[in-house]
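All remarks here apply to the structure that follows.
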Amino acid sequence: MTDKVMGKIAKITFSKGDFRIYKLRYRSQIYDSLNDKWKQEDWISVMGDFPELDEYVNTSKELIFDGYLEYSEQYNNYTLKKATYSSVDGDTPADVSKLMKQTQVAQTAQKAPNNGNDNPKRKYDKYTLDRLVNFFSSDTFEGIGEKAAKTLVSELGGDALQKITKDLTVIDKTSLNKKQKASLKDAFEEDVLPNSALATLSSWGMTSNMITKIKEFYRYDKLKSSKKKVASFTYKNVYKFTEVPGISFLKIDKVAQAAGYAFDDRRRIAECLVYSVTQSLQRTGDTYVQTRDLLESVPKDLRSNWQSEIPERYLAHNTNNVATKNGEDSLDTKIKEVMQYLKREKKLAFINDNSSNNKITTYQMFKNENYIVKAIFALLEQEDDSLTESVDDFLEELKFAIYAEQNDIDIDSLTQEESVNQNEIDKDAKDDTETDKVDEETKSVTRMDIYARANEAISDEQAFNKLIDIVEDDLNLQYAEEQRQAIVGALTHRFFIITGGPGTGKTSVLNGIMKAYSYIFPEVDDSNDYVDEINDMRKQWDDYLKSLGDDDDPDPDNVEGIVPPPVTLVAPTGRAAQRMKESTKLEAATIHRRLKLRVGSKSPDISFSGRLVVIDETSMVDTSLMSVVLSALEDDMRILLIGDSDQLPSVGPGQVLSDILRSDIVPYVRLTKIFRQGEGSRIVNLAKSVNSGSLPSDFNQVSETMRYIPVDDGSSVYDSSSLNIIGTDGVDTDSFNIDDSNLFNDNVDDEMVANVMINYDEVPANQAMFSNANDYFGPDERSGYDLIPNDFLPIMPNNAVEQMQPMNVNVEPVNADEFAMNSIVQVVNEMRAQGYTEDDIQILSPMHKYKTGTDNLNEVMRKIFNPKSSDDKVVEFAKDKTFHVGDKVMNRVNYPDLGIYNGDIGKITSILPDEIVLVEFKYGNGEIIEKDYSYSDLAALTLAYATTIHKSQGSEYPIVIIPMIHQFQFMFARNLLYTAITRAKQKIILVGQYSAFQQCSKRLGTNRKTMLVDKIRAMAKGPDYFNEGFGLGLWSTYGYQE
1 MTDKVMGKIA KITFSKGDFR IYKLRYRSQI YDSLNDKWKQ EDWISVMGDF
51 PELDEYVNTS KELIFDGYLE YSEQYNNYTL KKATYSSVDG DTPADVSKLM
101 KQTQVAQTAQ KAPNNGNDNP KRKYDKYTLD RLVNFFSSDT FEGIGEKAAK
151 TLVSELGGDA LQKITKDLTV IDKTSLNKKQ KASLKDAFEE DVLPNSALAT
201 LSSWGMTSNM ITKIKEFYRY DKLKSSKKKV ASFTYKNVYK FTEVPGISFL
251 KIDKVAQAAG YAFDDRRRIA ECLVYSVTQS LQRTGDTYVQ TRDLLESVPK
301 DLRSNWQSEI PERYLAHNTN NVATKNGEDS LDTKIKEVMQ YLKREKKLAF
351 INDNSSNNKI TTYQMFKNEN YIVKAIFALL EQEDDSLTES VDDFLEELKF
401 AIYAEQNDID IDSLTQEESV NQNEIDKDAK DDTETDKVDE ETKSVTRMDI
451 YARANEAISD EQAFNKLIDI VEDDLNLQYA EEQRQAIVGA LTHRFFIITG
501 GPGTGKTSVL NGIMKAYSYI FPEVDDSNDY VDEINDMRKQ WDDYLKSLGD
551 DDDPDPDNVE GIVPPPVTLV APTGRAAQRM KESTKLEAAT IHRRLKLRVG
601 SKSPDISFSG RLVVIDETSM VDTSLMSVVL SALEDDMRIL LIGDSDQLPS
651 VGPGQVLSDI LRSDIVPYVR LTKIFRQGEG SRIVNLAKSV NSGSLPSDFN
701 QVSETMRYIP VDDGSSVYDS SSLNIIGTDG VDTDSFNIDD SNLFNDNVDD
751 EMVANVMINY DEVPANQAMF SNANDYFGPD ERSGYDLIPN DFLPIMPNNA
801 VEQMQPMNVN VEPVNADEFA MNSIVQVVNE MRAQGYTEDD IQILSPMHKY
851 KTGTDNLNEV MRKIFNPKSS DDKVVEFAKD KTFHVGDKVM NRVNYPDLGI
901 YNGDIGKITS ILPDEIVLVE FKYGNGEIIE KDYSYSDLAA LTLAYATTIH
951 KSQGSEYPIV IIPMIHQFQF MFARNLLYTA ITRAKQKIIL VGQYSAFQQC
1001 SKRLGTNRKT MLVDKIRAMA KGPDYFNEGF GLGLWSTYGY QE
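Residues in the sequence shown are numbered consecutively from 1, following the UniProt record's numbering.
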């Protein structure tokens, strides 16, 4: 007798093939057969072969499972084994997916001679055929009885179901009558295919995560048309699902192969071509690939992902350019034919630049770059917008005030009708001759005459300077000349850029711009209260937008009492938006939130509101997103871009900010004067040197704000007599006496030294410190070192050094990665002894892997800052991923309604029942926000003692530690190191190999291949020149000219 369990699926705890272990929601029910009633139990798991139920994870679907119940005292829960299921309401996935799979399994291939045909005849057992007859004669198909069902199965065979789902027109080829054929088609189109599509995909091996993404992307549960679309893709071309973010060609190709697609299926080749181009763009950051590279990569991608035996004619050793013996096209020929198809279908764009190795990109990327160019020039060429008149009016008032002040005119007592003495007005403009003296001493003029004379006498430059003087008084600031130019540029251009490195006052300039506009925006009544006024307008406008339906467009003209805020502040990341809000006190949001962009969306759901859009951290905006941003500008808007063009470019393809600046066509101001930390700051000077491609001459010197701790790479030797690092040329490059540094002291006990040093008492004389030296330095050959590696001398207590010096032995090469990690451990311990906490210190590493990568350093730092005690409650989310109270964690998902964003760092304050983790986030403005993460949300958290440099972009930290070793050389780039350095506000500590830092600073990072600079310059010569230079076509080699 079997047991029954009823509940809703909470999550998948194990998955392999069709086999699943589901954890049901808390307080599911077990059927008590003796008392004929259901009773609640805390936790129940079910085990069985039912992948089609993945779509019901975290839904309200109630299911009943039959199986064999077992209780575990160790885990205090029940498990139902060998389970089968039914639904409480009877609405389970249609049986078609199961039946399709069973017919596939049941078919037995006859390996008889088939004249080269790859599809041998198949036979089906009677049980399988009877199942098909029963299926087609069920109530689902009106008018189809057992006789008609047998006819259908007899004529189409045991794979009738597969044939019909792939092509409904096969029904027309049967001998069924017209009415029966129509009934079959209708049932498949309206019921069978839409309701079984997800289950069918699951039966082909599509994971529950992929199915969830499909449902979310197509709004599967909300739109009936989406079910038909998903069904169409499922049974006609599963590769179309690659438009869903997170579903790549590699993932869907496995599903397609399980569904029976052939190796050389043109649908497969087409998607592989698009995938190869897209992957190249994502991997390199370029916005195009070379045709030669593409033709080499596609066959490799087609072969490497194929899980079955590759047909002989397509094996790599066969010549691709020669047709097979039986006349079939070669793989290379098929690829080129599909390329022509993709051009016609506007999936790929081919740029004919009259070279033998032309450019190919996705059609969307080509359109994005073109749109950016055209939008920029539309803004540059149409100088007047809704703010032009407001700026002119305010300048006129300023000129009037300046003129009145210069001529001692009491403007407070002056009205339009009142007059003033002409001689007073003209006293500075009189001719020196007596003959020109005005006879009428009391000649009258109007207020408008004074405006006219002021406009003639006072220049725009004088008026803007007066405005900035007023702003300086309001903000208690004093702007440098370049900063004043930046403010004026933002007031006078519809498209303007402000760029500059850290500490150059970009934030101060932005505040000055906002203050200046507060006098100009018609919507602002009181410039002294502009922050509250604009924020109130933003709140009312956002509430109004929330009240609209999905298909309703905002219409401010027809909404009484609601005015769109005149300025919209946005940034590419939530963390950058939060910092923007903190610095300006104005509401700011991510670009995606403000435009209601869904992940992967190519167009905004709504446009920007107001008159001015300001984007901060623009270097992080990629080509696709910039295209969306510019398309969301209304005709009367202007846009201001702010960012550091020397930082890391965007994660996505392109380097938009850098390219626009390099075109030298667009108006901009580059801020260079340092204000934050001062000109003498070692952090600022280091950033400047790295940005110019070298390390500063004082790189090795310890100071208040900077310290370098070397990990030896063979370029220096240790001079034990002076505790100095001596370069190989004998020049003293640094003195690392512990007492010279105010960051570190020598209060380090022997236990701390032992943490980073091998126990030297156990090392026999003249033996290597490490037995497996080749694992540490590879090909480097070193000898003659003291037993204590010189890498640790700067951070060791003096007495320990003295104890060790007599023991001079030859040692084999040691691991720079491990030494650097241990150096970081020692540094952190020293700083903790001085009162610094994990909130003060942030480690920024180029990579996740290696001992100085973020993964390992996070675990090491957690043991230092938050060691686990025996009674600490631990939540284990995945293999090697646990959390407990006190952990420093980073949130990786945007929660805009809570004000928590991707990249925000917080601390776990408690772990509640049901494995709910409570995290507290503290922000620079003093705000504290708490969020509880359910077990299924824990993927959004990661340890944050160490983060990647890329992840740190847009953030700042009091103290930054940067490891750099040659294992990271794949990531070496000048802007990578520059970005890491500029995250530090107070102190920076660099740990690693000098030559690694040197190589990293020398390698130019922003050398992406894009067409944006050329396109901007071409458009500057005229639209005809632009169209001629960037027309679409295929390269002449294959005769596909457009």
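For every residue, glycine included, the Cβ atom is placed at its ideal position computed from N, Cα and C.
query, result
"Excluding the 5 residues preceding and the 5 following Y1025 in the sequence, name in chain order all residues of the same chain whose CB lies nearer than 6 Å to its CB.", "A1018"
"Among the candidates D410, D839, L597 and N58, whose CA atom is the shortest distance from the CA of D937?", "N58"
"Let me know if N700 comes out buried or exposed under the rule of 16 or more other beta-carbons within 10 Å of its beta-carbon.", "buried"
"Where does E481 land, buried or exposed, given buried means 16+ other C-beta within 10 angstroms?", "exposed"
"Helix, strand or coil for M6 per DSSP?", "strand"
"Just how far apart, CA to CA, sit Y134 and A149?", "In the sequence as displayed, the identity of residue 134 is Asn instead of Tyr. C-alpha separation (whole angstroms): 8 Å."
"Tell me, which residues are paired with N177 by DSSP?", "None, per the DSSP bridge assignment."
"Would DSSP call Y218 helix, strand or coil?", "helix"
"When you compare only the Cα positions, how much space is there between T169 and L152?", "13 Å"
"Which of the three DSSP states is assigned to D732 in this structure?", "Annotation note: pLDDT 30 at D732 (below 50); position unreliable, no value reported."
"Mind the definition here: the segment 239-257 touches the segment 620-630 only if three or more C-beta pairs lie below 8 Å; say whether that holds.", "no"
"Please identify the residue among F970, Q578 and M339 whose C-alpha is closest to the C-alpha of I928.", "Q578"
"Does the segment 455-465 come close enough to the segment 339-348 that 3 or more CB-CB pairs lie under 8 Å?", "no"
"From D605 to T590, what distance separates their C-alpha atoms?", "14 Å"
"So, for D843: in the same chain, excluding its five sequence neighbours on each side, which residues have a beta-carbon less than 6 Å away from its beta-carbon?", "Rather than Asp, the amino acid found at residue 843 in this sequence is Ile. Excluding positions up to five away in sequence, the list reads L857, A946 and I961."
"Taking 7 Å as the limit between beta carbons, can you name the residues of its chain near S955, skipping five residues before and five after?", "R575, G903 and R983"
"I need the DSSP call for G17, collapsed to helix, strand or coil.", "coil"
"Using the rule of at least 16 other Cβ atoms within 10 Å of the residue's Cβ for burial, across every protein chain shown, is P245 buried or exposed?", "exposed"
"Since I believe V893 is in contact with T909 (beta carbons under 8 Å), could you give me their beta-carbon distance rounded to a whole number of angstroms?", "Actually they do not touch by this definition, with Cβ atoms about 19 Å apart."
"If you measure between the beta carbons of I959 and D840, is that distance less than 8 Å?", "yes"
"Considering just the uninterrupted stretch of the alpha helix (DSSP H) at K347, what are its terminal residues?", "Per DSSP, K347 belongs to no alpha helix (DSSP H) and is neither H nor E."
"Rank F263, K334, G906 and F877 by C-alpha distance to the C-alpha of E312 and give the top, closest one.", "F263"
"Taking 8 Å as the cut-off, does the segment 504-511 touch the segment 521-539 (at least 3 CB pairs, one atom from each stretch)?", "no"
"Checking 8 Å against the spacing of the C-beta atoms, do I12 and D54 come in under that value?", "yes"
"Would you call the CB atoms of S308 and Q257 closer than 8 Å?", "yes"
"Per DSSP, what kind of secondary structure is K23 in: helix, strand or coil?", "strand"
"Write down every uninterrupted run of the beta strand (DSSP E) in the segment 635-721 whose length is 3 residues or greater and which is fully enclosed by it, in chain order.", "638-643, 668-671, 706-710 and 716-719"
"In whole angstroms, what is the alpha-carbon distance linking K888 and G924?", "17 Å"
"What are the boundary residues of the alpha helix (DSSP H) that includes Y403?", "T388 to Q406"
"Check whether the Cβ atoms of Q993 and M964 sit closer than 8 Å, and answer yes or no.", "yes"
"Put I12 into one of helix, strand or coil per three-state DSSP.", "strand"
"Return the Cβ separation of I498 and Y668 in integer angstroms, given the expectation that the two are a contact with Cβ distance under 8 Å.", "7 Å"
"Going by C-alpha distance, which of K596, L294, F136 and K359 is nearest I269?", "L294"
"Could you check the C-alpha separation between S297 and S304 for me, to the nearest Å?", "10 Å"
"Alpha carbon to alpha carbon, how far is G926 from I615?", "24 Å"
"If contacts are defined as beta-carbon pairs under 8 Å, then Y31 and K4 qualify, I think. What distance do you get, rounded to the angstrom?", "4 Å"
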